[in-house]
Amino acid sequence: MVLFILSLKETECAVITQFGKPKKALTTAGLHLKVPFIDKVNILPKIILEWDGEVRQFPTYDKRMIMVDTMVRWKIKDPLLFFESLSSVNNAIIRLDDILDAASRQVVSQHTFESIIRDSNRIIELDEKTIKLLLEQGFTREDLKFPSIMLGRSELAKEMKTVVINDLEKMGIEVINFY
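Just add 42 to the spot in the sequence shown (first one is 1) and you have this note's numbering.
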């Protein structure tokens, strides 16, 4: 039997398929053997990849619209599982669009506008000059009171990250950073 030598770089991993079915994953750089015409090598990146979604508009719990921009840094954690679930980085990006859009919509729609944009209940006191100017612009004293929040923006980002991580781990993807 004739064997071919396959060379993997440190920035690559590969999944060997036989007649379209995944056989094994190669995660170490160096030389590997493959059977010609039977084994097909599917090269995947082993580096950290970045997904930057489109800015989307979602309604909050209190029916106010907010623009959300999400970004994820990720890498392939399990090449075999990744290949079986998605087969390519392009398919992963399409799937990331769907998962992050759903997670963003879910978290934003369950919380008020103030909870999403603020991170604490700390409010800077307005000075009398600013209050007078706002009252002249048509605001009332009631408008100048800020509602308290239960969770802030940081906690909501963690909640969204948890939802996303659970979905992506099932596809062999590890989330590095979530913005």
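Every residue, glycine too, gets a C-beta built ideally from N, C-alpha and C.
Just so we're clear, the structure is a prediction, and the values are computed from it rather than from any experiment.
Alpha-carbon spacing of residue i relative to residue j, whole angstroms
i, j, result
"L123", "L210", "11 Å"
"K66", "V57", "6 Å"
"I207", "D169", "44 Å"
"R106", "S157", "12 Å"
"A199", "S129", "29 Å"
"E159", "L48", "According to the sequence provided, residue 159 is Ile. The question's Glu does not apply to it. The straight-line gap from Cα to Cα measures roughly 51 Å."
"W116", "C55", "15 Å"
"D139", "T70", "30 Å"
"G194", "N84", "43 Å"
Residue i: first and last residue of the uninterrupted beta strand (DSSP E) it sits in
i, result
"R115", "M113 to I118"
"M202", "Unbroken run through M202 is the alpha helix (DSSP H), R195 to E211; no beta strand (DSSP E)."
Within 8 Å, strictly: CB atoms of residue i and residue j
i, j, result
"T102", "L142", "no"
"G214", "K82", "no"
"Q148", "V205", "yes"
"M202", "A145", "yes"
"D104", "F61", "no"
"P64", "F125", "yes"
"V150", "F100", "yes"
"I90", "I218", "yes"
"L73", "L45", "no"
"L176", "L186", "yes"
Cβ-based burial, residue i [other Cβ within 10 Å; buried from 16]
i, result
"K171", "exposed"
"I191", "buried"
"L68", "buried"
"P121", "buried"
Residue i - containing alpha helix (DSSP H), residue span
i, result
"F125", "P121 to S127"
"K51", "K51 -> no alpha helix (DSSP H), and no H or E assigned at all."
"L86", "First-last for L86: D81 to P87, but that is the beta strand (DSSP E), not the alpha helix (DSSP H)."
Within-8 Å CB hit, residue i to chain B
i, result
"S127", "The structure shown contains no chain B, having only a single protein chain."
- Query: Which runs of the beta strand (DSSP E), 3 residues or longer, sit entirely within the region 139 to 197?
  - Reply: none
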